[in-house]
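Peer 1: Could you have a look at this structure, given as structure tokens, before my questions?
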Amino acid sequence: MKSITAIILSLIIAQAVSAQNADSANFYYRKGLEEKAAARFMVAEKFFDKAIRFDAKHKDALLQNGYTSLLMRKTDAAKGWFTKLYDIDPTSQPAIKELATLYFEYRQFVKAIEFAGKCTTCDNAEKIIA
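Quick note on this note's numbering: the sequence shown kicks off at 1 and runs consecutively.
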């Protein structure tokens with residue numbers, strides 16, 4: 001009987017912690033957006049990182065961290081964030097578009113063509129594939 005009570009209590013605590021993590025992730029994500037809008041990109045990057053630490057699958061935080069890295073000309077970091085987003089959500093058109101462009105700029109043409117073929121909203125997909 002004690003073990004059943006302990007299991008139920010553990011599940012309740014785990015659910016509460018999970019909800020807190022999601023709330024914290026959203027809080028830091030919003031703070032990151034505010035800082036990015038104010039052009040304080042390094043601070044925004046730190047807030048997006050915190051959001052991702054609380055929720056590793058926070059798609060919006062991954063995307064915005066990628067865009068923020070691009071604005072700071074940290075293309076390797078941006079490629080990493082967009083790749084993580086693509087791994088979580090292979091249908092993410094913004095991630096696919098940015099990865100196609102980044103691979104093209106890195107002259108990794110096979111990967112660039114692969115992502116350009118998957119991108120339905122890319123303006124430069126035809127240029128990359130041609």
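Where a beta carbon is used, it is the ideal one built from N, C-alpha and C, also for glycine.
Since we're looking at a predicted model, the values are computed, not measured.
Compute the distance between the beta-carbons of Ser92 and Leu85, then report whether it is under 7 Å.
Peer 2: Position 92 of the sequence shown, counted from the start, is the residue given in the question as residue 92. Position 85 of the sequence shown, counted from the start, is the residue given in the question as residue 85. Yes, they are a contact pair.
Peer 1: Under the assumption that Phe104 contacts Thr68 (Cβ atoms under 8 Å), give the Cβ distance between them as a whole number of angstroms.
Peer 2: By one-based count along the sequence shown, residue 104 stands at place 104. By one-based count along the sequence shown, residue 68 stands at place 68. The pair is not a contact, with the Cβ atoms about 21 Å apart (cut-off 8 Å).
Peer 1: Quick one, are the C-beta atoms of Ala44 and Lys57 less than 7 Å apart?
Peer 2: As a first step, residue 44 must be located in the sequence shown, where it is residue number 44. As a first step, residue 57 must be located in the sequence shown, where it is residue number 57. No, the pair does not count as a contact, with Cβ atoms beyond the cut-off.
Peer 1: Going by the beta-carbon positions, is the gap between Leu70 and Ala78 smaller than 7 Å?
Peer 2: Counting from 1 along the sequence shown, the entry for residue 70 is found at position 70. Counting from 1 along the sequence shown, the entry for residue 78 is found at position 78. In this structure, Ala78 lies closer than 7 Å to Leu70 by Cβ.
Peer 1: In angstroms with no decimal places, state the Cα-to-Cα distance between Cys119 and Asn65.
Peer 2: On the sequence shown, position 119 is the one that residue 119 refers to. On the sequence shown, position 65 is the one that residue 65 refers to. The alpha-carbon atoms of Cys119 and Asn65 are separated by roughly 20 Å.
Peer 1: Should Thr121 be labelled buried (16 or more other beta-carbon atoms within 10 Å of its own) or exposed?
Peer 2: Against the sequence shown, residue 121 aligns to sequence position 121. By the neighbour-count rule (16 or more Cβ atoms within 10 Å), Thr121 is not buried but exposed.
Peer 1: Taking 7 Å as the cut-off, decide whether the C-beta atoms of Phe54 and Ala25 are in contact.
Peer 2: Along the sequence shown, one-based indexing puts residue 54 at 54. Along the sequence shown, one-based indexing puts residue 25 at 25. Between Phe54 and Ala25, the C-beta gap is smaller than 7 Å, which places the two residues in contact.
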